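Using our numbering, you'd call the opening residue of the sequence shown number 34 and step up by one each time.
Note that beta-carbon positions come from the ideal geometry of N, C-alpha and C, so glycine has one too.
Quick caveat, the model's predicted, so the values are computed rather than measured.
Take a look at the structure set out below.
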Amino acid sequence: MKDRIYEYLDGRSAGSEEIAVEVLKLKGASGMMADKVVEAAVFDDTRFARDSNGFWYLKPSERDIHKIAFISMGLKFSGDVGDPHLVALAASRFMTTGPQSPFGETRVRGETETAGFMAFSRFRKDAIPIGFRLSGTLKAINRVGRKLTGEPSLDEGICLFRLGRLLFPDQPISSLEKLADAVGRTYVTDRDCEGEARFQAEIFLHLVDRLGEEPGTLEQLMSSLYLESE
34 MKDRIYEYLD GRSAGSEEIA VEVLKLKGAS GMMADKVVEA AVFDDTRFAR
84 DSNGFWYLKP SERDIHKIAF ISMGLKFSGD VGDPHLVALA ASRFMTTGPQ
134 SPFGETRVRG ETETAGFMAF SRFRKDAIPI GFRLSGTLKA INRVGRKLTG
184 EPSLDEGICL FRLGRLLFPD QPISSLEKLA DAVGRTYVTD RDCEGEARFQ
234 AEIFLHLVDR LGEEPGTLEQ LMSSLYLESE
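In structure tokens:
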């Protein structure tokens, strides 16, 4: 499905309704329904982007993995039974070399929710999200983003579960701690949001070291992850 959309957008941009009808063959899909369908179809794939007018396009290819910024996140949820909400988050912004830049724990629910979330949006600008079971993290953040701004905040990233399974195909990678064990990294089990963000960044950097020289670009890495998950 992603490849069909990729081929359709090669050399052009298109709105969600056009993609839903022409590529996904969903006759009558329009408005928010078309948006959700296309967002789900390209979710977590770094090749796709959306401009300020809502049109989808292909990002420039071949980004050197050692020349781009990444961001890891730690989340705190409410204790609502059956429907927990994201109430605060922290993040670390980093490259494959150099120190991490922290974004301290910030509330995104309550009286200061808009200011806190917008500060996070500025901090993460142009950085590629990484995280274990990343889709759940992105969905939680995008839920807040839609509520406060009407738009999702994050639409791509590298899942540490997929990357770990690629590098350690014969080991059970059921949790971030199991992945840490696989790379020989010690950890503290009781981590706050900031500690979780730092820990995920450290695990990712260990995995990048194990990759060696290949893949050299973000696009090559993402292709390997999707190929491995099929």
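Per DSSP, what kind of secondary structure is residue i in: helix, strand or coil?
{"i": "Y90", "result": "strand"}
{"i": "E235", "result": "helix"}
{"i": "V56", "result": "coil"}
{"i": "D223", "result": "coil"}
{"i": "F110", "result": "strand"}
{"i": "S256", "result": "helix"}
{"i": "I104", "result": "strand"}
When you compare each of the options to residue i by their alpha carbons, which one comes out closest?
{"i": "R142", "options": "S111, W89, P205", "result": "S111"}
{"i": "L42", "options": "V71, G61, D188", "result": "V71"}
{"i": "C192", "options": "K158, F150, I104", "result": "I104"}
{"i": "R266", "options": "G245, F194, E55, T139", "result": "A query on residue 266 cannot be resolved here, the shown segment of the chain reaching from 34 to 263 and no further."}
{"i": "E252", "options": "M66, A53, K100", "result": "K100"}
{"i": "F153", "options": "A47, K92, A123", "result": "A123"}
{"i": "L119", "options": "A73, P135, G48, L171", "result": "L171"}
{"i": "N86", "options": "D78, G48, L240, T219", "result": "G48"}
What do you get for residue i, buried or exposed, if any count of 16 or more other CB atoms within 10 angstroms of its CB means buried?
{"i": "Q233", "result": "buried"}
{"i": "V75", "result": "buried"}
{"i": "E144", "result": "exposed"}
{"i": "G149", "result": "buried"}
{"i": "M34", "result": "exposed"}
{"i": "S207", "result": "exposed"}
{"i": "G107", "result": "buried"}
{"i": "E263", "result": "Residue placement at E263 is flagged as unreliable, the pLDDT there being 43, under the threshold of 50; the coordinate-derived value follows with that caveat. With fewer than 16 Cβ atoms within 10 Å of its Cβ, E263 is classed as exposed."}
Would you report the Cα separation of residue i and residue j, rounded to the nearest angstrom?
{"i": "K58", "j": "Y90", "result": "19 Å"}
{"i": "D225", "j": "E235", "result": "15 Å"}
{"i": "R37", "j": "R198", "result": "26 Å"}
{"i": "E246", "j": "D97", "result": "11 Å"}
{"i": "G183", "j": "A102", "result": "25 Å"}
{"i": "V221", "j": "K109", "result": "17 Å"}
Is there contact between the segment 125-133 and the segment 244-259, where contact requires at least three CB pairs shorter than 8 Å?
The segment 125-133 and the segment 244-259 do not touch, with fewer than 3 CB-CB distances between them shorter than 8 Å.
Meets three-Cβ-pair contact criterion under 8 Å: the segment 180-189 and the segment 200-216
Verdict: no, contact absent.
Give a yes or no on contact between the segment 146-163 and the segment 209-221, applying the rule of three or more CB pairs nearer than 8 Å.
Verdict: no, contact absent.
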